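Numbering (my numbering), first residue to last: 31 to 563.
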């Protein structure tokens with residue numbers, strides 16, 4: 031028995047020391063260098079309601095996603111019709127909802143329907159009109175496919191925004207869907223709100239377009255745009271005046287390569303001017319396509335277009351192998367770094383619009399922290415005095431376990447990188463009451479055993495063993511509820527569930543394991559014959 035008490039005591043001390051080591055960085059910034067090198071140095075992360083930050087509600091333009099998907103489907107359909115030598119004219123996309131074309135006769139119409147049915151099952155014919163022997167066909171997405179496109183736009187936007195924010199370095203952001211087409215974003219501790227908004231909202235659609243060398247840019251600017259081409263704009267820095275000049279470009283409408291082929295994007299420094307630029311690295315397929323495109327178009331210009339803006343249009347001097355390119359411009363280091371982040375994270379499938387923006391000031395967070403910890407202090411002091419008055423020395427033992435319980439909860443938050451929120455503080459207050467509840471059950475059972483005439487050691491053993499089942503049942507059911515809240519809850523609910531779950535586990539350890547060590551020590555080593563309870 032003595033050996034068991036010793037090993038249990040050593041284990042409890044080691045766990046308590048580990049908790050103090052994890053909690054110390056949150057209590058002081060004056061840590062020696064060896065601590066930062068060899069010991070835990072992560073602090074408790076505070077939520078948006080405690081440390082301030084940014085609250086955003088974004089709306090995803092799912093109709094634009096539909097329009098983009100229909101445009102791509104129309105382009106593919108047009109290519110297939112040209113490959114099959116099927117005549118058509120007046121091919122057009124209308125408001126991103128339908129696409130139409132004109133066929134010269136019924137025979138072509140039958141062939142067209144077979145092509146659509148075999149190769150484009152996501153499209154259906156909305157209407158068909160015969161006039162003067164010609165058929166005008168209007169197509170649209172099937173309802174199930176349209177719903178899938180909208181849902182995919184939300185899911186992909188959510189994942190893309192999460193990737194961008196993770197690379198931006200925000201600790202414990204909250205990014206969750208809200209309603210049918212909205213996304214809730216909470217960024218605790220953000221220092222530069224405008225930069226964060228620009229990073230989140232940038233569509234980052236990267237495309238490479240060949241410059242239309244045959245067409246006339248002057249005529250295109252007058253409205254006479256050649257078929258298969260489009261006018262884009264970019265800005266060029268005039269190094270003599272230092273001003274940016276808006277410059278038009280006549281580009282081929284169809285992108286030769288897109289950002290889907292991108293593997294990595296990094297910030298680099300130009301050897302010539304010492305300016306930052308973004309280096310691009312394509313994946314294996316993209317590298318092969320880029321090599322083929324540059325090989326087939328030597329001495330032609332290839333424009334790099336991001337979100338419809340031309341960043342540069344260099345002349346291809348030779349075939350470029352290795353799958354590397356670069357985006358140059360008058361970037362600041364932060365602009366180049368943010369551009370690299372959004373390119374690595376991928377393009378948004380549709381534009382997003384900020385519906386609601388709130389900035390929570392740190393003064394509000396500090397006030398919440400002070401009131402929250404005051405509630406912990408007041409609740410803890412009341413429980414401590416009650417336990418001492420009602421259970422005497424046994425109450426003191428329960429209070430020691432209670433203090434250790436709070437330390438372990440806070441240490442676990444720091445160790446696991448969890449976020450402490452205002453509802454989380456409420457969870458800690460609740461845990462304080464639950465922690466002593468287990469000891470109340472045990473102590474009342476010990477009292478009953480003493481009343482029937484058992485010795486102190488027998489009464490303690492019986493009290494712990496017979497109350498254990500009830501304690502486990504109560505805590506396990508509460509833990510299950512906390513896990514469900516964490517799994518399906520968001521925001522404040524999840525913060526409450528985190529501290530409640532950790533608190534239940536810690537209270538089981540301190541209320542049953544640690545307090546039993548104290549009783550066994552006094553009864554076996556000090557040979558005390560009575561229990562002050």
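Using N, Cα and C, we set each Cβ at its ideal position, and we do this for glycine too. As the structure is a prediction and not an experimental result, all values here were calculated from the model.
The shortest CA-to-CA distance from residue 163 to any of 260, 135 and 70 is the one to 135.
Remark: C-beta atoms of residue 95 and residue 183 approach each other more closely than 7 angstroms. In the structure shown, the three-state DSSP call for residue 81 is helix.
Residue 281 sits away from residue 263, with the two beta carbons spaced by 7 angstroms or more. In the structure shown, residue 308 falls within a strand segment according to DSSP collapsed to helix, strand and coil. By the CB criterion at 7 angstroms, residue 99 and residue 155 fall outside the cutoff. Residue state for residue 386 is assigned as strand, using DSSP reduced to three classes.
The beta carbon of residue 106 lies closer than 8 angstroms to those of 150 in the same chain, with the five residues before and after it left out. DSSP places residue 453 within a helical segment (H, G or I) once states are collapsed to three. In the assembly as shown, residue 287 is a buried residue. Its beta-carbon has 16 or more other beta-carbons within 10 Å.
Within the region 292-353, the alpha helix (DSSP H) runs of at least 4 residues that lie entirely inside it are, in chain order, 314-326. As for any beta strand (DSSP E) of minimum length 3 sitting wholly inside the region 139-205, the runs are 153-161 and 164-171, ordered along the chain. Of the candidates 173, 221, 138 and 194, 221 places its Cα closest to the Cα of residue 82.
Looking at the DSSP output, residue 128 sits in a beta bridge with 124.
When the beta-carbon positions are compared, residue 355 and residue 310 come within less than 7 angstroms of each other. With a cutoff of 7 angstroms on beta-carbon distance, residue 346 and residue 335 are scored as not near each other.
Shown here, residue 246 sits in coil according to DSSP, grouped into three states, outside any helix or strand. Excluding its 5 nearest sequence neighbours in each direction, residue 340 has C-beta neighbours in its own chain below 6 angstroms: 262, 264, 279 and 333, listed in chain order.
Remark: C-beta atoms of residue 214 and residue 87 approach each other more closely than 7 angstroms. When beta bridges are read from the DSSP output, residue 119 appears opposite 132. Going by DSSP, residue 446 is part of no alpha helix (DSSP H) at all; its letter is neither H nor E.
It is roughly 6 angstroms from the alpha-carbon of residue 324 to the alpha-carbon of residue 350.
Only exposed fits residue 124, as fewer than 16 other CB atoms lie within 10 angstroms of its CB. With fewer than 16 other Cβ atoms inside 10 Å of its own Cβ, residue 383 counts as exposed.
For residue 212, the three-state secondary structure derived from DSSP is strand. Collapsing the DSSP output to three states places residue 485 in coil. For the pair residue 133 and residue 118, the CB atoms are nearer than the 7 angstroms cut-off. Distance from the CA atom of residue 343 to the CA atom of residue 244, rounded to whole angstroms, is 16 angstroms. Cβ-Cβ separation between residue 171 and residue 153: approximately 6 angstroms, consistent with a contact (criterion under 8 angstroms). Only residues of its own chain outside the window of five on either side were considered, and among them 121 have a CB closer than 7 angstroms to the CB of residue 108, listed in chain order. Here residue 259 is bridged, per DSSP, to 282. Separation of residue 85 and residue 230 (C-alpha to C-alpha, rounded to the nearest whole angstrom) is 13 angstroms. Ranked by how close their Cα comes to the Cα of residue 177, the residues 69, 127, 405 and 143 have 127 in first place. For residue 330 against residue 266, the beta-carbon gap comes to about 19 angstroms, at or over 8 angstroms, which does not count as contact. Under the DSSP assignment, residue 100 falls in the alpha helix (DSSP H) whose first and last residues are 92-113. For residue 229, the uninterrupted alpha helix (DSSP H) segment begins and ends at 223-231.
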